[in-house]
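Visitor: Input: one structure, supplied below.
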Amino acid sequence: DAPFGSVSPPDPVNNPYEWDGVPDDPEIPATLGNQRLQVKAEESGEARAGFVYQCVDADTDNCKYIVEFNDDVPLPYKYYSQDTNINGVDLVKRLFAQGYRVWDWDGVGGHYVETEGTWGPPEIICDGDARETSTDDYCAIPPKIQNIRMNGTTDNTPIYGNGFAKLTFNSALDSQQFPMVMYYVDWGDNESTSATGVEMRDRPNEDNPHTLYHLYNYWDMKAKNIVDQTADNKENTVYCGAAGEEAVNYDGVGSGYVCAAGDCCVARPGIVIKDNWGWCSNGSAINDCGNLEYFAGWVVATEK
130 DAPFGSVSPP
140 DPVNNPYEWD
150 GVPDDPEIPA
160 TLGNQRLQVK
170 AEESGEARAG
180 FVYQCVDADT
190 DNCKYIVEFN
200 DDVPLPYKYY
210 SQDTNINGVD
220 LVKRLFAQGY
230 RVWDWDGVGG
240 HYVETEGTWG
250 PPEIICDGDA
260 RETSTDDYCA
270 IPPKIQNIRM
280 NGTTDNTPIY
290 GNGFAKLTFN
300 SALDSQQFPM
310 VMYYVDWGDN
320 ESTSATGVEM
330 RDRPNEDNPH
340 TLYHLYNYWD
350 MKAKNIVDQT
360 ADNKENTVYC
370 GAAGEEAVNY
380 DGVGSGYVCA
390 AGDCCVARPG
400 IVIKDNWGWC
410 SNGSAINDCG
420 NLEYFAGWVV
430 ATEK
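Letter by letter, the sequence shown follows residues 130 to 433 of the numbering used here.
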């Protein structure tokens, strides 16, 4: 079971309060009550605690956490660490980024009792996106979006009247924070596509990107441009203009794009992804998912 430190519990397995580490040991009188689970090697059918992050035949200077047997103490284990103040929870949370319920041994009462001390995924970003060299190694590396293309290009993408546009992008997640659990695409025309509650592998290979399609319609965009979309809790992200003029949104905010030979409407799709730890691309904090990564060009829709 190393390095995960899993427990081989006695009955009843769903009630730690009643656990007895040595229920059938004739050397321990029943009047002494329950005994805590001991950390020891696997023996079939025996109730025992697991041990965490065991390093075998390793240089202690290069091994972050070591657990080894020590017959000189009643509970045969001891921890070695580069940080002498580290405790068991700090060991376990580096294997499991989410804790749900915690029990601690009450030596006076002779039972495991539920306590505070649950933990969640890291809430700080690793220095330089590198966990190994970060000041605090209990840290996160936000996922990244790369190579956003529309119809295979990073340049402005024309739509004549109406037509489908093909969006592709790559995603890169830290291996400890798999899987990807959400993506959201704002197409820029006040339409969106999202997938939540799913488990996906990232796609860092440029030859195997995520692929989605969206139908853009010039007349639909023009109609949205003249109506205040914020009334529907949407941003005014559709920009339209006449030939030779800058395309602007309902509020008159300019896009920076100047329509060429004829009237046009433009939109810029944006993307956000989320990993299993709750970190989002471009997020500065956990569950900060409001910062989209945008296509470099514009989708440019014209009447014909």
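Built from N, CA and C at the ideal position, the CB exists for glycine as well.
Return the CA-CA distance between residue 212 and residue 260, expressed in angstroms with no decimal places.
Guide: Residue mapping note: residue 212 aligns to position 83 of the sequence shown, counting from 1. Residue mapping note: residue 260 aligns to position 131 of the sequence shown, counting from 1. Bear in mind that the predicted position of residue 212 carries a pLDDT of just 49, short of 50, making it unreliable; the figure below should be weighed with that in mind. For residue 212 and residue 260, the distance between alpha carbons rounds to 16 Å.
Visitor: Enumerate, from N- to C-terminal direction, the unbroken alpha helix (DSSP H) stretches of 4 or more residues contained entirely within the segment 299-361.
Guide: DSSP runs (the alpha helix (DSSP H)) wholly in the segment 299-361: 347-354.
Visitor: Which residues in the same chain have their Cβ closer than 6 Å to the Cβ of residue 420, if we skip the five residues on either side of it in sequence?
Guide: By 1-based counting over the sequence shown, the position of residue 420 is 291. So the qualifying residues of the chain are 411.
Visitor: Where residue 230 and residue 332 are concerned, what is the direct C-alpha to C-alpha distance, given to the nearest angstrom?
Guide: Indexing the sequence shown from 1 puts residue 230 at position 101. Indexing the sequence shown from 1 puts residue 332 at position 203. Each residue's Cα considered, the two are about 34 Å apart.
Visitor: For the beta strand (DSSP E) holding residue 143, just list the boundary residues, first then last.
Guide: Within the sequence shown, numbered from 1, the residue matching residue 143 stands at position 14. From DSSP, residue 143 is part of no beta strand (DSSP E); its letter is neither H nor E.
Visitor: Helix, strand or coil, according to DSSP, for residue 257 in the structure here?
Guide: As a working note, residue 257 is residue 128 in the sequence shown. In the structure shown, residue 257 sits in a helix (DSSP, three-state: H, G or I).
Visitor: Report all residues from its chain with a CB closer than 8 Å to the CB of residue 321; omit the five preceding and five following residues, and keep chain order.
Guide: Position 192 of the sequence shown holds residue 321. Same-chain partners within the cutoff: 313, 314 and 315.
Visitor: Looking only at C-alpha atoms, which of 324, 396, 178 and 228 sits nearest to residue 247?
Guide: As a first step, residue 247 must be located in the sequence shown, where it is residue number 118. If we check each option's Cα against that of residue 247, 228 comes out closest.
Visitor: Grouping DSSP H, G and I as helix and E and B as strand, with all else coil, what is residue 392?
Guide: One-based indexing of the sequence shown puts residue 392 at position 263. It is coil, neither helix nor strand.
Visitor: For the segment 396-414 against the segment 293-302, are there 3 or more C-beta pairs whose distance is under 8 Å?
Guide: Enough Cβ pairs lie closer than 8 Å, so yes.
Visitor: Would you call the CB atoms of residue 96 and residue 427 closer than 9 Å?
Guide: The chain is shown only over 130 to 433; residue 96 falls outside these bounds and no answer can be derived.
Visitor: Looking only at C-alpha atoms, which of 318, 347, 143 and 144 sits nearest to residue 289?
Guide: Position 160 of the sequence shown, counted from the first residue, corresponds to residue 289. Per the Cα distances, 347.
Visitor: Using a Cβ-Cβ cutoff of less than 6 Å, which residues in the same chain neighbour residue 425 once the five nearest sequence positions on both sides are dropped?
Guide: Mapped onto the sequence shown, residue 425 falls at position 296. Closer than 6 Å at Cβ, skipping near neighbours: 283.
Visitor: Taking the alpha-carbon positions, what's the residue 223 to residue 264 distance?
Guide: If you number the sequence shown from 1, residue 223 lands on position 94. If you number the sequence shown from 1, residue 264 lands on position 135. Near 15 Å, if we compare the C-alpha coordinates of residue 264 and residue 223.
Visitor: So the candidates are 176, 403 and 136; which of them puts its Cα closest to the Cα of residue 330?
Guide: On the sequence shown, position 201 is the one that residue 330 refers to. That would be 403, whose Cα lies nearest to the Cα of residue 330.
Visitor: To the nearest angstrom, how far is the alpha carbon of residue 319 from that of residue 423?
Guide: Against the sequence shown, residue 319 aligns to sequence position 190. Against the sequence shown, residue 423 aligns to sequence position 294. Those two C-alpha atoms are separated by around 15 Å.
Visitor: Please report the straight-line C-alpha distance between residue 326 and residue 374, rounded to a whole angstrom.
Guide: Residue mapping note: residue 326 aligns to position 197 of the sequence shown, counting from 1. Residue mapping note: residue 374 aligns to position 245 of the sequence shown, counting from 1. So the two alpha carbons sit approximately 43 Å from each other.
Visitor: Nearest to residue 153 by CA position, among 145, 146 and 163, is which residue?
Guide: Counted from its first residue, the sequence shown places residue 153 at position 24. Checking every option, the nearest Cα to that of residue 153 belongs to 163.
Visitor: Take the Cβ of residue 155 as the centre, count every other Cβ of all protein chains shown within 10 Å, and call the residue buried at 16 or more, exposed below.
Guide: Walking along the sequence shown from the start, residue 155 turns up at place 26. Exposed, because fewer than 16 other Cβ atoms sit within 10 Å of the Cβ of residue 155.
Visitor: Mind checking which residues open and close the beta strand (DSSP E) that includes residue 404?
Guide: Here the question's residue 404 lines up with position 275 in the sequence shown. 399-404 is the extent of the beta strand (DSSP E) around residue 404.
Visitor: So the candidates are 226, 324, 233 and 304; which of them puts its Cα closest to the Cα of residue 311?
Guide: Counting from 1 along the sequence shown, the entry for residue 311 is found at position 182. Checking every option, the nearest Cα to that of residue 311 belongs to 324.
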